[in-house]
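Trainee:
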Amino acid sequence: MDFKKVLVNLFLAMFLSLCLTVPAMAGDPEIEQLKADVKKLQEESKKKVEVGATMKKGVYVRTPDGNYLLKIRLALQFHYTYLHYDELATANAEDQSLFSMRRSRLIFNGNAPNKDWAYFVHLQLEPTGAVNLHDANFTWKKYPSFQVQIGRAKVPYTLEFWQSGLLENGVDRSIFTGENEGNWPGGNAAMKTSTEDSITKFPVGGLTPFRSQGLQLQGDIDAAGQKGFLQYWAGVFNGWDKKGGFNVDDALLYVARISINPFGKYNLFLSGDVDYSETPKLCLLAATIYNKERLTKYRTTTGSTASATYDAETTGYTFGEVFRYKGFSLDTDYAYERFEQDRVGGNTFERLGYRVNGGYFFIPKKWEAVARYAYVERMDDNTKEKSLASGLGLVSVGGGTDNAIEDNLQEYSVGLNYYIDKHALKVSADYSYLVREFDAVPGKTISGDKQADNRFRIMAQWFF
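Quick note: the sequence shown, position 298, residue 297 per numbering that gives the first Met the number 0, numbers continuous.
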């Protein structure tokens, strides 16, 4: 028997049988149901949750209708700083050279259960301290002209601090906000973002209330043919530079701010014009603030500590400006604060500051030259008695042989920025001439009337 012929004939018979059977089965209910199930699965597969990742969005998870969105971003900002000190101030006998992880941040934001509800969570991971919950808030934003934000957030006050530290057109913010590395200026109260004296609660740092927990109303109002012609913020918070603790009294912080935008709304979190605006952008800001705290101690004009229960009130106002056009940017800030002790023999302290920050992309979207000037009086019309009673303190000079009264602080800076992938990947460098001017304590003499320091910094940022 020829088995080859038998196998070939058997295969042909099976194939012919299959061809004749399939058309007959086409009308079978079970087959039709199977086809329907397959089609349904194909349609549902098109509705699956989208998962992706880009340098400008980080990792994101999104439902097809957009009602649920989660974005996860990681930012690393590495600094090198060299500070050459003028040795007039006793505390500055040694120059400083340091590497620092200036910012290491983890950010979660998006919306849920629909686009009317947005959330934002911002974790600080720098190795200089414990993990810190910088921001944690959610916002009902169904109506652009009337939105409600609840939680911990930046207090909407001065412009420079409102602008994101990850979206700057430079190495860091200016002394107006109190952004300093190392010990500058040294010799009296630290000049940090929102430092307060531990006894008087007088703000001795930058002109910003930093962050706090509270409730805020905000909105964008269309007018004059422009979307977002007017923006407003009005909030009530626990207080000035409040951490996660609760209030020990019923005193709160109140703040209100507006921005008039003649050419329409602009993203106020951004510094510089890396997007190379083809049309002018202009924002004019004004804000006012009021804060009260119940205290039980104060400093005398000799610097000693005494006990009394009283209220300390801070009132202030600020003006700001933002301009962008074809790679050119100009930002300005001015702020004034008045601090009053409501007690018998209480003191009144005032402080003020301003800054001007300019930038220009001489190679669009890639290379930017920047320059700025900042001026701060941590105590207006300062005296020996004000320095001691406020907690600002006198400055030890001349190797500790004398004390001086701090008059003002100034910053002159120039810098260069290279944007590899906008703010996602960039390198910045700057040079600053930092000045602190002194007045002599009455009846004393000092060897110089100012401290002049030189600072060089370079920063590399990776923002995924």
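C-beta atoms are modelled at their ideal positions from N, C-alpha and C, and glycine is treated no differently.
1) Which residue wins for smallest C-alpha separation from Gly185, given the options Tyr253, Ala92, Phe119?
2) Taking the alpha-carbon positions, what's the Gly319 to Ala285 distance?
3) Could you spell out the range, first to last residue, of the beta strand (DSSP E) harbouring Lys47?
4) Around the Cβ of Thr304, are there at least 16 other Cβ atoms within 10 angstroms (buried) or fewer (exposed)?
5) Could you name the residues of the same chain whose beta carbon sits closer than 6 Å to that of Ala189, not counting the 5 residues immediately before and after it, in chain order?
6) With a CB to CB cut of under 7 Å and the five nearest residues on each side skipped, what residues in its chain are close to Asn187?
7) Give me the residue from Ala90, Asp420, Lys56 with the minimum Cα distance to Gly399.
8) Can you tell me the Cα-Cα spacing of Val440 and Arg342, whole angstroms?
9) Would you identify the three-state DSSP class for Gly414, choosing helix, strand or coil?
10) Would you call Lys200 buried or exposed, if buried means 16 or more other Cβ atoms sit within 10 Å of its Cβ?
11) Just list the residues that DSSP pairs Pro202 with in beta bridges.
12) In whole angstroms, what separates the C-alpha of Tyr297 from that of Ser173?
13) Closest to Thr127 by C-alpha separation, out of Tyr324, Asp380, Glu180, would be which residue?
14) May I ask you to report which of helix, strand or coil DSSP gives Trp232?
15) Per the contact definition of three or more C-beta pairs closer than 8 Å, is the region 306 to 316 in contact with the region 333 to 341?
16) So for Gln32, helix, strand or coil by DSSP?
17) Taking C-alpha atoms, which residue in Leu294, Leu267, Asn381 lies nearest to Leu283?
18) So what does DSSP say about Ala92, is it helix, strand or coil?
19) Hey, quick one: how far does the alpha helix (DSSP H) through Leu216 stretch, first residue to last?
20) What is the DSSP secondary structure of Lys425, reduced to helix, strand or coil?
21) Out of curiosity, what's the CA-to-CA distance linking Arg323 and Gly345?
22) Tell me which residues share the same chain as Ala423 and place their Cβ nearer than 6 Å to its Cβ, disregarding the 5 neighbours each side in the sequence.
23) With a Cβ-Cβ cutoff of 9 Å, do Gln230 and Ser258 count as a contact?
24) Considering only residues of the region 109 to 174, which uninterrupted beta strand (DSSP E) runs meet the minimum length of 3 residues and lie entirely inside it, listed in chain order?
25) Tell me, to the nearest whole angstrom, how far the beta carbon of Leu216 is from that of Val147; I am working on the premise that it is less than 8 Å.
26) Excluding sequence positions up to five away, which residues of its chain have a Cβ less than 7 Å from the Cβ of Ala222?
27) I need the DSSP call for Ala250, collapsed to helix, strand or coil.
28) Who are Asp452's beta bridge partners in DSSP?
29) In whole angstroms, what separates the C-alpha of Glu277 from that of Glu159?
30) Could you give the distance in angstroms between the alpha-carbon of Val154 and the alpha-carbon of Trp239?
31) Taking contact to mean 3 or more Cβ pairs, one atom from each stretch, closer than 8 Å, check whether the region 376 to 391 and the region 356 to 365 are in contact.
32) How should Asn381 be labelled, buried or exposed, when 16 other C-beta atoms within 10 angstroms of its C-beta is the threshold for buried?
Mentor: The answer reads as follows:
1) Per the Cα distances, Ala92.
2) Each residue's Cα considered, the two are about 6 Å apart.
3) Here Lys47 belongs to no beta strand (DSSP E), and DSSP marks it neither H nor E.
4) Of the residues assessed, Thr304 falls on the exposed side of the cut-off, its CB having fewer than 16 other CB atoms within 10 angstroms.
5) When the five nearest sequence neighbours on each side are left out, no beta carbon in the same chain lies closer than 6 Å to the beta carbon of Ala189.
6) If we look at Asn187 and ignore the five residues flanking it on each side, its Cβ neighbours are Leu391, Gly392, Leu393, Val394, Glu405.
7) Selected option, being the one with the closest Cα: Ala90.
8) Each residue's Cα considered, the two are about 27 Å apart.
9) Strand at Gly414.
10) With 16 or more other Cβ atoms within 10 Å, it is buried.
11) Residue pairing by DSSP puts Pro202 in a beta bridge opposite Glu195.
12) Tyr297 and Ser173: Cα-Cα distance of roughly 30 Å.
13) Scanning Tyr324, Asp380, Glu180 for the CA closest to the CA of Thr127 turns up Glu180.
14) It is a strand residue.
15) Taking a cut-off of 8 Å on C-beta distances, the region 333 to 341 touches the region 306 to 316, as three or more cross pairs fall below it.
16) If DSSP states are grouped into helix, strand and coil, Gln32 belongs with the helices.
17) Nearest of Leu294, Leu267, Asn381 to Leu283, Cα basis: Leu267.
18) Ala92: coil per DSSP, three-state reduction.
19) Counting along the chain, Leu216 falls outside any alpha helix (DSSP H), though it belongs to the beta strand (DSSP E) covering 210 to 222.
20) Residue state for Lys425 is assigned as strand, using DSSP reduced to three classes.
21) Cα to Cα, the separation comes out at about 45 Å.
22) Scanning its chain for C-beta atoms nearer than 6 Å, with the 5 sequence neighbours on each side dropped, one finds around Ala423 the residues Met54, Lys55, Phe462, in chain order.
23) Yes, the Cβ-Cβ distance between Gln230 and Ser258 is below 9 Å.
24) The region 109 to 174 contains these whole beta strand (DSSP E) runs: 116 to 123, 131 to 142, 145 to 153.
25) About 6 Å separates the beta carbon of Leu216 from that of Val147, a gap short enough to meet the 8 Å contact definition.
26) Counting only Cβ-Cβ distances below 7 Å, and skipping sequence neighbours, we find Phe228, Leu229.
27) In the three-state reduction of the DSSP assignment, Ala250 falls in the coil class.
28) Leu433.
29) When only Cα atoms are considered, Glu277 and Glu159 end up about 24 Å apart.
30) Approximately 9 Å between the Cα atoms of the pair.
31) Short answer: they don't touch.
32) The residue is buried, with at least 16 neighbouring Cβ atoms inside 10 Å.
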